[in-house]
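Worksheet: one structure, shown below.
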Amino acid sequence: MEKPLRKDICKNEIQNITPELLEYFQNQEYLDLHNVNLNNSFGKIPFSKDLSFLSLDNNSLTNWPEEIVHLRNLTFLKISNNSLKSIPPEIKKLQRLETLFLDNNHLLNVTKEISCLRNLIQLSLKNNHLRCIPREIFSLPELKTIYLDNNRITSIPQEISDLSKIKYLSFRNNEIEIVPQQIGDLYECTVLDIAQNKIRQLPEEIKNLEKLHSLILEDNQFAFLTEDICGLHSLFSLCIGNNNIQHLPNKIVELQNLSDLDIKHNKLRSIPEELGILKKLYSLNIAQNELSQIPQEITNLQELQYLNCHDNNLTSLPEEIGKLKKLRFLDIAKNNIKRLPRSLSQLKGLTHLSIDVKNIEDFLENHFGERDTFSGESTLRPISIDVYDKNQICRIPENFSTFGKDFVCKMYKEGGCEIIDL
Numbered sequence: 001m002e003k004p005l006r007k008d009i010c011k012n013e014i015q016n017i018t019p020e021l022l023e024y025f026q027n028q029e030y031l032d033l034h035n036v037n038l039n040n041s042f043g044k045i046p047f048s049k050d051l052s053f054l055s056l057d058n059n060s061l062t063n064w065p066e067e068i069v070h071l072r073n074l075t076f077l078k079i080s081n082n083s084l085k086s087i088p089p090e091i092k093k094l095q096r097l098e099t100l101f102l103d104n105n106h107l108l109n110v111t112k113e114i115s116c117l118r119n120l121i122q123l124s125l126k127n128n129h130l131r132c133i134p135r136e137i138f139s140l141p142e143l144k145t146i147y148l149d150n151n152r153i154t155s156i157p158q159e160i161s162d163l164s165k166i167k168y169l170s171f172r173n174n175e176i177e178i179v180p181q182q183i184g185d186l187y188e189c190t191v192l193d194i195a196q197n198k199i200r201q202l203p204e205e206i207k208n209l210e211k212l213h214s215l216i217l218e219d220n221q222f223a224f225l226t227e228d229i230c231g232l233h234s235l236f237s238l239c240i241g242n243n244n245i246q247h248l249p250n251k252i253v254e255l256q257n258l259s260d261l262d263i264k265h266n267k268l269r270s271i272p273e274e275l276g277i278l279k280k281l282y283s284l285n286i287a288q289n290e291l292s293q294i295p296q297e298i299t300n301l302q303e304l305q306y307l308n309c310h311d312n313n314l315t316s317l318p319e320e321i322g323k324l325k326k327l328r329f330l331d332i333a334k335n336n337i338k339r340l341p342r343s344l345s346q347l348k349g350l351t352h353l354s355i356d357v358k359n360i361e362d363f364l365e366n367h368f369g370e371r372d373t374f375s376g377e378s379t380l381r382p383i384s385i386d387v388y389d390k391n392q393i394c395r396i397p398e399n400f401s402t403f404g405k406d407f408v409c410k411m412y413k414e415g416g417c418e419i420i421d422l
């Protein structure tokens, strides 16, 4: 679909439609009327019978405009960011509708007539007051994308298996406790987002989602990661942060296409050496765990660009960390690292480093040259350093400011909000 044309229509114009504006409306197939205060003026607009795209975002609408159901050629309808409390049964007349956005309203339920929208492909009901998933949507044969984020949904019905063509499924930030085994029947699903719920485990049938690319499980109540996930060989993004997971299954190495692994804020005391086999991994977030060491095998991750080890119990880094030639971001602050490996100087692509203040001199000496060369013209490559000063004691080398404009250093004093740009 072509991008809709937007005429700069002010709120005053919509109250008093001029002949010029009348002609504009009558000839538009694509119409964007967001934020023009339509609440009492909708009936004045002479819509084209060929109108296919209509956006009415942010118009303080409290009732569904009756005129919409007569726009039989609509394929795209967006009425988000209003105050709608219901959807009229007459919506069934919009037989050509393919995309329907009703985010950020006050919907408590969905009319059963929505099941008549046989061509609907994308449905978004985020940020409403739904307590259950409308069963009528399971009768939509072409539905491929559904967003039900930020509602009050407590369960996923077994009828979920009827969505045979679904590709993107998001239930983020609800009150769901159980994922039914029928989730495994969604063979076409590529993205499953069930973050920010109350889920403790996944059904064995999750392994049937062979086309799944992204699995988002953060902010739940998982105490372990089922090995059934390790059979999802198409998976390239796995997010399981903010749970209670104590260990990762060794079979995680079977996820050979994995490029993004986020396991922050769990209770991990170790990570398997086998992670070093995940050759496509470019982002690894292991922050806020209970790790005392990082296996040497991590340095085999030649595609790794982002490594976040913030707030663990690390006392050292792998001696060969310099092998990570593509690493751009490294956060090792809030640990107990006493010494930095000299191979750190080999990270030529590093552009951001977060580090504890007790290591800043050690870092500068090993990474950029001897301390007595700090003065004078700098050859320092562009880098941003965040320095965490736990005890508010900072020993920054003299002539630190001579490093030049490409060097950015910020100091964060723990316990306060003070940030010092050096």
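Its first residue numbered 1, the sequence shown is counted upward by one per residue in the UniProt record's numbering.
A virtual CB, placed ideally from N, CA and C, is assigned to each residue, including glycine.
Which one of the options has the shortest CA to CA distance from residue i?
i	options	result
Glu204	Gln221, Val191, Gln196 and Gly184	Gly184
Thr190	Pro46, Asn81, Ser283 and Lys167	Lys167
Gln182	Lys207, Lys198, Glu175 and Ala195	Lys207
Ser115	Leu186, Leu278 and Lys92	Lys92
Asn37	Asn81, Pro19, Phe25 and Pro46	Asn81
Lys338	Ile355, Asp386 and Ala223	Ile355
His106	Ser86, Ile156 and Lys267	Ser86
Leu71	Gly276, Gln221 and Ile45	Ile45
Ser283	Gly43, Gln305 and Lys267	Gln305
Gln122	Leu108, Asp103, Phe222 and Asn109	Asp103
Ser316	Ala195, Arg200, Ile294 and Leu186	Ile294
Pro318	Asp162, Glu297 and Leu163	Glu297
Ser343	Ser161, Ser48, Thr299 and Asn197	Thr299
Glu23	Asp32, Ser48 and Tyr30	Ser48
Leu186	Ile271, Lys165, Thr111 and Arg135	Lys165
Leu163	Lys144, Ala333 and Asp386	Lys144
Leaving out five residues before and five after residue i in sequence, what residues of the same chain have Cβ atoms less than 8 Å from its Cβ?
i	result
Asn313	Glu290, Leu291, Ser292, Asn335 and Asn336
Thr373	Per-residue confidence for Thr373 stands at a pLDDT of 34, beneath the threshold of 50, marking its modelled position as unreliable; the derived number appears in the next sentence. Contacts found: none.
Ala287	Lys264, His265, Asn308, Cys309, His310, Asp311, Asn312 and Asp331
Leu74	Leu51, Ser52, Phe53, Leu54, Ile68, Leu94, Arg96 and Leu97
Leu235	Leu212, His213, Ser214, Leu215, Ile229, Leu255, Asn257 and Leu258
Gln302	Lys279, Lys323, Leu324, Lys325 and Lys326
Leu232	Ile206, Lys207, Leu209, Glu210, Leu212, Leu215 and Leu255
Leu268	Ile245, Gln246, His247, Leu248, Ile286, Asn289, Glu290 and Leu291
Lys198	Glu175, Ile176, Glu177, Asn220 and Gln221
For residue i, write down the residues that DSSP places opposite it in a beta bridge.
i	result
Gln122	Thr99 and Thr145
Lys334	In DSSP, Lys334 forms no bridge with anything.
Cys239	Ile216 and Asp262
Val191	Tyr168 and Ser214
Asn308	Asn285 and Asp331
Ser55	Asp32 and Lys78
Output the boundary residues of the alpha helix (DSSP H) element that contains residue i.
i	result
Tyr282	It is not in any alpha helix (DSSP H) - Tyr282 carries neither H nor E in the DSSP assignment.
Phe25	Pro19 to Gln26
To which residues of the same chain is residue i closer than 6 Å at the C-beta, ignoring the five residues directly before and after it?
i	result
Ser170	Tyr147, Asp149 and Asp193
Ile393	Because the pLDDT at Ile393 is just 42, under 50, the model does not fix this residue reliably, and the value given afterwards should be weighed accordingly. Closer than 6 Å at Cβ, skipping near neighbours: no residue.
Asp262	Cys239, Gly241 and Asn285
Glu274	Asn250 and Val253
Gln158	Pro180 and Gln182
His34	Ser55, Asp57 and Asn58
Asp260	Ser237 and Ser283
Ala223	Asn244
residue 425	No answer is possible for residue 425: it lies beyond the span of the chain, which begins at 1 and ends at 422.
Phe25	Ile45 and Pro46
Can you find the residues in the same chain that come closer than 7 Å, C-beta to C-beta, to residue i, ignoring five residues on each side of it along the sequence?
i	result
Ile153	Leu130, Arg131, Cys132, Ile133, Phe171, Asn174, Glu175 and Ile176
Glu20	none
Leu61	Leu38, Asn39, Ile79, Asn82, Ser83 and Leu84
Leu225	Ile240, Ile245, Leu248 and Pro249
Leu120	Leu97, Glu98, Leu100, Leu140, Glu142 and Leu143
Ile321	Thr299, Pro341, Ser343 and Leu344
Asn27	Ser48
For a test of your reading of the model: does the CB of residue i fall under 6 Å from any non-hydrogen atom of the ligand MN? Yes or no.
i	result
Ser214	As for the ligand MN, it is missing from this structure, which has no ligand bound.
For the beta strand (DSSP E) that residue i lies in, which residues bound it at each end?
i	result
Leu209	Careful: Leu209 lies outside any beta strand (DSSP E) and carries neither H nor E.
Lys78	Phe76 to Lys78
Phe222	Taken as a continuous stretch (DSSP letters only), Phe222 belongs to no beta strand (DSSP E), as it is neither H nor E.
Indicate whether the contact test is met: 3 or more Cβ pairs, each with one atom in the region 341 to 349 and one in the region 312 to 330, closer than 8 Å. yes
Touching by the beta-carbon criterion (3+ pairs, under 8 Å), the region 233 to 244 and the region 204 to 222: yes
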